[in-house]
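Trainee:
Put into structure tokens, the structure is as follows:
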């Protein structure tokens, strides 16, 4: 921690802060500058108590942490890429995977037809929502348990592992019984009890970044999961909320590049939720590959105009085929191997 | 819904969209403009399926809802202010309440000392966190069940009703057994299973706006609670996340004014979380009163520099007394009555 | 400046950075922490070259300035409030002024009628745009030179000093010949050549915060003006651009409180541009008074529905009368004196 | 325009709004819905006066434009890509150009050395700032006229056309005498007098998006230039200001994809200003190519650690060579031709 004191702080004022620093078991080192005195506080900021509270002293101008708070997820902790195993698929470490499927599972035919279609175009995992977090209580909330059955059928029909969202700690057991990967959605990116329950299931977790989540917060959410003994975490960028409304969210590919540098975990991108409109999904998917993502999450529906949720952003199977055709040479340029190969 | 078609759309293209509109049980009305044709879709947007998915037709330029999605919380549904009863305190409808207390309850002495102090200065409810949602797993997570006991002691010592946060559906019963008001924090503003479980407890709910929550989303979260048969909801603005970092969040008082106009529910303001720094709490509290808020949520700690969470934003009891002295004449100008009077 | 080095940096790597620091005439002081070495750089950050460029060394994790860059506008430079004199009106230092008038001056009758009306309700300065910065080239761009004549007539008719915007360095002389206060709009908040030209006119400058301007950037823009020998600057908060669209902008009253603490300059608030809708102007005006602003800028038009620009946010004279009636007792509670009294 | 009236509006209230619509020369068409009446207003929204001011009627709930305001820059106006000619280089329409050079020109050797280096790696235009818009008045403001001379020398030495920024209408003539492309910076994205003066020079304009500029505003700024008879505009995305601070700005590649769809103008990307840190420039450059950009603007300095401005984001010539090597195969996959080929 670096504490900057206001100009003109008395010796007594300096001492008061230094004493407070010691109480928190940091060692204070005084640096007397031209105008301001700075106190560098020596100690591990993760195991020690935070001392940002010292900003309440009137003579303190600012308190700045110098250490990142995440540890287990960091490259300093593990330099090489984590490679996760999901039903035999290797994720991370130079592979590239496309998870595809409808926003919501709506019926057996819609689910299985989509699963077969996306598999035929090269998707290596299947996604579909059974429990849907919706902004309005008047919107379709998902088929719930019945939806999980449809997902099971899709896996039986195609062999694709299943990625599906869980909304509540109580549902983790039920959803984990069906899913190969538990998805934690953007609205739950800091829902600690849910992160803990999902971690405890032992399943791989696909962790979306919060709608307004800092990269640091996203990594700390992953750290919560890891501290529950489950390091099988896939990070997923899905667009952040900004002033710009040309697309529903602003896809933040710099966050992907930063995350790839900071952490050893695989990082995926969801261009569908970022764009909120089908016509922007393919260019954003291409950009995600080129920035260095390890995979994509893409929404596909046999008839988007009639979809029960987020129809405007879902691709038809044919459009998905186009997406796969466009990203394939880019994946190759990036030196990555399609997971299905 | 208003569907705008692209210039030059053929008659067939127009008909295709109109037919799709009919399938969703809206009645399409065509308006042929100078450049574009517009289809107005007649039907109740709340009870009908959304047709924003029609944006996938290439001839559709935009689909715009014209109806607000919330209903029960709206002034159209109930024109007069809701007045909630919390342990005999009337909230809303011309009263003004100050909820005060520490960010976290840390010990019996800290809790009870603070409760007595804030009561002596005029607070009418006591707040304190037992379950703390923290960004980092390495930070203090609250005393949990033991913290609830301390809150009970604070109520016994002062008679102040208790406001405390609940993080998980499983904890609702336990927390509700202690609390007079269940707080749903900003991180859980769209955690539907938690909203549902809290609503079902029958307790008054203090619902914070999400860190990047639209006013519409905030009101729809309240609508979720109301649809569970519990209309005892206090809305609470606590600052939104923007590019500006002079304060931790940007207190959005226009959202308070909009919410007061759109809904009959009481609206409180939390200047402590908005500011993230003690020296800005009092001016923001004054502004909140003047914009028309029905109450405040203020963090107070006997020794903020040693607080186990968010020390930098907590007021000392003496500073809290200053806050109360400054807002009292403003509450009077606004024609409101202090809840304790 | 504080330079944080990555864990495991070699002695040679540390020395390389220390040497670079010396080249920039700062004195490096090494603090060896538990994991990281920190170099505190002693020297005046305003007169020295910035060394944020040292972040390009791979062993550097971060470079953080510790000094604020503004000087002349700061409370450290001048502790007491600046009091500006505009045609005999004292601005700042415990007075409160309301600047009112139409968004654009459109005709002699509209201008003079409005000026008389706002004066009758207590406005102490008159505002009106002759040169309008518009997002679209197809929108009304102001009457220009002819508009300045109308403003002169308004002053002649009412005695109210004139506040009007200038858009280009070439126009400064012409506009300054008419205006008592030159307004620099939000789009020009970092237009340095315009700031310089306006400063050189010797007129009082009303400096709006940029649409996405940090408080620091706003104060540095004021510093540019002051360094041109003109310290007659009124700061004006007018809402920032965020994700929330219930109002056009998000009025950031915490920025007003921060600016009042950081600088001795008077700080005004423009609730009309912040809200973008007339029905929110009065509550935001009240909040601005209570947070501690020194004045307001309010748009008033005799018939807003027919206004040539920004009609939706302009008050009728009668609504303006209501605004004045509502803020008067709040100004009194704040211990301020209406400028006209 | 679509005007939505509040539920329960009387016939008289409806008529009042319809009459107002007619006064603005739109033709009102009434659509009576289940709860609300909607008035569709027929007329060209670009040539007619805006009627958003009608929102001041209490019975009006909202007024929504349905037409985009830009025209000349739109694909509806010109379906095929514009191809601009800059000193013989074809820009747009399937070519790809890299503009490279230092943030500021600082000396003859620094300028010419960099120009030669970037040319050797494949850059096809040279950039360098002579007039620098800086947030702080205490920072280096550029060499001005002397800097222009250095740019001339760089062109003489390498044959590369020159891209350089102009800050003030008065400087346009002087800068245009040296530059092949005039750059309008993000801070001046809505500086209409500067846009006009730059357009009038007849030079190609590289128009950066504002720090918080909507895509619509960016295109309208280009429309201002086009309406001055100069359609040689290159759009340049350079990151927007959001809550995320891992990079200095958030590069918004969805805006590039939207702009490519909406307009026929070439769209470039500046990953250097977006990132604000050298280590993120290459991945963002790759993503920009893959999303469909027509060119890049990249900052390169022989010794970034000693740069007089923005050192932290500048690449060394060697790093720039790495960037070129990484994007080349991606440009090929995108089916574009390097401008120099």
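Chains as they are written, first to last, in my numbering: chain A, 5 to 345; chain B, 5 to 345; chain C, 5 to 345; chain D, 5 to 345.
Using N, Cα and C, we set each Cβ at its ideal position, and we do this for glycine too.
Bear in mind that the values here come from a model prediction, so they are computed numbers and not experimental data.
In terms of residue numbering, what span does the beta strand (DSSP E) encompassing residue 44 of chain D cover?
Mentor: It spans 41 to 46 - the beta strand (DSSP E) in which residue 44 of chain D sits, taken as one unbroken run.
Trainee: Consider the Cβ of residue 30 of chain A: report whether some Cβ of chain B lies at a distance smaller than 8 Å.
Mentor: Not closer than 8 Å to any Cβ of chain B, the Cβ of residue 30 of chain A fails to qualify, so no.
Trainee: From the beta carbon of residue 125 of chain D, is the nearest beta carbon of chain C less than 8 Å away?
Mentor: no
Trainee: State the Cα-Cα distance for the pair residue 155 of chain A and residue 286 of chain A, rounded to the nearest angstrom.
Mentor: 25 Å
Trainee: Using the beta-carbon of each residue, which ones in chain B are nearer than 8 Å to residue 38 of chain D?
Mentor: 46, 47 and 48
Trainee: Check the DSSP bridge columns for residue 79 of chain C and list the partner residues they point to.
Mentor: The partner list for residue 79 of chain C (beta bridge, DSSP) is empty, contrary to what the question assumes.
Trainee: In or out: residue 53 of chain D buried (at least 16 other Cβ within 10 Å) or exposed?
Mentor: buried
Trainee: Report the residues of the stretch 246 to 264 of chain B with a CB closer than 7 Å to any CB of chain C, ordered along the chain.
Mentor: 246, 247, 248, 250, 251, 254, 255, 256, 257, 258, 259, 261 and 262
Trainee: Determine the contact status of residue 281 of chain B and residue 317 of chain B, defining contact as a CB-CB distance below 8 Å.
Mentor: With contacts defined by Cβ atoms closer than 8 Å, residue 281 of chain B and residue 317 of chain B form a contacting pair.
Trainee: What residue range does the alpha helix (DSSP H) around residue 126 of chain B cover?
Mentor: Taken as a continuous stretch (DSSP letters only), residue 126 of chain B belongs to no alpha helix (DSSP H), as it is neither H nor E.
Trainee: Specify whether the stretch 330 to 340 of chain C and the stretch 9 to 28 of chain D touch according to this definition: at least 3 beta carbon pairs, one from each stretch, less than 8 Å apart.
Mentor: no
Trainee: Under 8 Å, CB to CB, which of the residues in the stretch 302 to 333 of chain A have a partner in chain B?
Mentor: Against chain B - using a Cβ distance shorter than 8 Å - the residues of the stretch 302 to 333 of chain A are 308, 309, 310, 311, 312, 314, 315, 316 and 318.
Trainee: Quick check on DSSP: helix, strand or coil for residue 98 of chain C?
Mentor: coil
Trainee: Output, in sequence order along the chain, the residues in the stretch 280 to 296 of chain B whose CB is closer than 7 Å to any CB in chain A.
Mentor: 281 and 282
Trainee: Which whole-angstrom value is the C-beta distance of residue 158 of chain D and residue 132 of chain D, which I expect to be below 8 Å?
Mentor: 7 Å
Trainee: Note the first and the last residue of the continuous alpha helix (DSSP H) segment covering residue 26 of chain D.
Mentor: 15 to 27
Trainee: Can you name the start and end residues of the alpha helix (DSSP H) that residue 325 of chain B belongs to?
Mentor: 321 to 337
Trainee: Assign residue 36 of chain A to one of two classes, buried (16 or more other C-beta atoms within 10 Å of its C-beta) or exposed (fewer than that).
Mentor: exposed
Trainee: When you compare the stretch 184 to 191 of chain D with the stretch 168 to 176 of chain D, are there three or more beta-carbon pairs, one atom per stretch, that lie closer than 8 Å?
Mentor: These segments touch.
Trainee: Skipping 5 residues on each side, what residues in its chain have a beta carbon closer than 7 Å to that of residue 44 of chain C?
Mentor: 6, 33 and 35
Trainee: Please list, in chain order, the chain A residues whose beta carbon lies closer than 7 Å to that of residue 77 of chain C.
Mentor: By Cβ distance, chain A contributes nothing, its closest Cβ being about 16 Å from residue 77 of chain C, past 7 Å.
Trainee: Applying a beta-carbon distance threshold of less than 9 Å, which residues of chain D neighbour residue 73 of chain C?
Mentor: 139, 140, 141, 142 and 143
Trainee: For residue 106 of chain C, which residues of its own chain have a beta-carbon under 6 Å away from its beta-carbon, when the five flanking residues on both sides are left out?
Mentor: 118, 132 and 305
Trainee: Mind reading off the beta-carbon distance from residue 122 of chain C to residue 104 of chain C? Whole number of angstroms is fine, and I expect it under 8 Å.
Mentor: 4 Å
Trainee: If we cut at 8 Å on Cβ distances, does residue 68 of chain C have a partner in chain A?
Mentor: yes
Trainee: Cβ closer than 7 Å: which chain B residues qualify as neighbours of residue 215 of chain A?
Mentor: Against chain B, the beta carbon of residue 215 of chain A has neighbours under 7 Å at 216, listed in chain order.
Trainee: If you pair each beta-carbon of the stretch 270 to 277 of chain C with each one of the stretch 219 to 233 of chain C, do three or more pairs fall below 8 Å?
Mentor: no
Trainee: Kindly say whether residue 6 of chain C, judged by its beta-carbon, lies nearer than 8 Å to any beta-carbon of chain B.
Mentor: Chain B places no beta carbon closer than 8 Å to that of residue 6 of chain C, leaving this residue out of the contacts.
Trainee: From the beta carbon of residue 112 of chain D, is the nearest beta carbon of chain A less than 8 Å away?
Mentor: no
Trainee: Any idea which residues DSSP pairs residue 212 of chain C with across the strands?
Mentor: C/240
Trainee: Would DSSP call residue 193 of chain D helix, strand or coil?
Mentor: coil
Trainee: According to DSSP, simplified to helix, strand and coil, what is residue 279 of chain A?
Mentor: Note: residue 279 of chain A maps to helix in three-state DSSP.
Trainee: Any C-beta of chain C sitting closer than 8 Å to the C-beta of residue 244 of chain B?
Mentor: yes
Trainee: Assuming residue 312 of chain A contacts residue 108 of chain A (C-beta within less than 8 Å), just tell me the rounded distance between them.
Mentor: 5 Å
Trainee: For residue 194 of chain C, which of C/216, C/102 and C/97 has the nearest alpha-carbon?
Mentor: Of the candidates C/216, C/102 and C/97, the one whose C-alpha sits nearest the C-alpha of residue 194 of chain C is C/216.
Trainee: Under 8 Å, do residue 255 of chain C and residue 243 of chain C count as touching if we go by C-beta distance?
Mentor: yes
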